[in-house]
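Okay, so here's the structure we're looking at.
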Amino acid sequence: MVLYHYASAENTPARKDMNMRRRIVFILYVAWILLILGFTLQNGETSTTTSQWYVEALHGLLLKIDLQVSLELLTTIIRKGAHFGEYAVLGGLSSMNARMNQNRWFYLSALLPFLDETIQTQIDGRAGRFSDVLIDLSGYLLGYLIGRMTQKNAR
Numbered sequence: 011m012v013l014y015h016y017a018s019a020e021n022t023p024a025r026k027d028m029n030m031r032r033r034i035v036f037i038l039y040v041a042w043i044l045l046i047l048g049f050t051l052q053n054g055e056t057s058t059t060t061s062q063w064y065v066e067a068l069h070g071l072l073l074k075i076d077l078q079v080s081l082e083l084l085t086t087i088i089r090k091g092a093h094f095g096e097y098a099v100l101g102g103l104s105s106m107n108a109r110m111n112q113n114r115w116f117y118l119s120a121l122l123p124f125l126d127e128t129i130q131t132q133i134d135g136r137a138g139r140f141s142d143v144l145i146d147l148s149g150y151l152l153g154y155l156i157g158r159m160t161q162k163n164a165r
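Counting the sequence shown from 1 gives a position; our numbering is that position plus 10.
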């Protein structure tokens, strides 16, 4: 009597590889959310000090190439750009999760800017702004769309 061993779909190398990718993407996704929340929980003084370092560095570079830009404008660009950028990365990671696990990641992640700005209303020296929610959502949507287009082109 000959016994045949059929490899189950769960034990194939391709399936194991996909499961590992899902885990890695999910870990990166959660780590990025924690990073965003870490910035959210900074008090006003720490947040200002962090962004001020980047403002001064960029201002110095611009002066070297003879561009005069006010520190106030650079501060706005750096701070709003950070909002946009951190959520664009989240959007990209969310799109990778959505591909693997339906679209629930899209909706869950889209709620984070509202939570982020609500938390900031409770932090000393910080204020939650609806304009920041819109900037966050714009970055998130751009990152999500780029991630989805990249995945479609890779097929």
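Glycine residues also receive a C-beta, built at the ideal position from the N, C-alpha and C atoms.
Residues of its chain near residue i, where Cβ-Cβ distance is below 8 Å and the 5 sequence neighbours each way are ignored
{"i": "methionine 159", "result": "none"}
{"i": "phenylalanine 36", "result": "Asn107"}
Near the ligand GTP: residue i beta-carbon under 7 Å from a heavy atom
{"i": "glycine 54", "result": "The model on display carries no ligand, and the ligand GTP is accordingly not part of it."}
Contacts around residue i, its chain only, beta-carbon distance under 6 Å, and the 5 residues preceding and following it disregarded
{"i": "glutamate 96", "result": "Ile46"}
{"i": "tyrosine 16", "result": "In this prediction, tyrosine 16 scores a pLDDT of 49, lower than 50, which makes its location untrustworthy; the coordinate-derived value is nonetheless stated afterwards. Here the set comprises nothing."}
{"i": "tyrosine 39", "result": "Leu103 and Asn107"}
Neighbourhood of residue i by C-beta, 7 Å cutoff - its chain only, sequence neighbours within 5 removed
{"i": "aspartate 126", "result": "Ile46, Thr50 and Asp146"}
{"i": "valine 143", "result": "Pro123, Phe124 and Glu127"}
{"i": "proline 23", "result": "none"}
{"i": "glutamate 55", "result": "Gly135"}
{"i": "glutamine 130", "result": "Thr50, Arg136, Ala137 and Gly138"}
{"i": "lysine 90", "result": "Ile145"}
Supposed contact pair residue j and residue i - C-beta distance, whole angstroms, cut 8 Å
{"i": "isoleucine 156", "j": "glycine 102", "result": "6 Å"}
{"i": "histidine 1", "j": "valine 79", "result": "One cannot answer for residue 1 here, as it falls past the ends of the chain, which runs 11 to 165."}
{"i": "alanine 98", "j": "glycine 149", "result": "4 Å"}
{"i": "serine 61", "j": "isoleucine 88", "result": "5 Å"}
{"i": "leucine 100", "j": "glycine 153", "result": "7 Å"}
Extent of the continuous alpha helix (DSSP H) run through residue i
{"i": "isoleucine 75", "result": "No alpha helix (DSSP H) holds isoleucine 75; DSSP gives it neither H nor E."}
{"i": "glycine 138", "result": "Note, glycine 138: premise wrong, no alpha helix (DSSP H); not H, not E."}
{"i": "aspartate 126", "result": "122 to 130"}
{"i": "aspartate 27", "result": "23 to 50"}
Does the segment 78 to 92 come into contact with the segment 127 to 136, if we say contact requires no fewer than three beta-carbon pairs (one atom in each stretch) closer than 8 Å?
No: the two stretches stay apart, fewer than three of their Cβ pairs being nearer than 8 Å.
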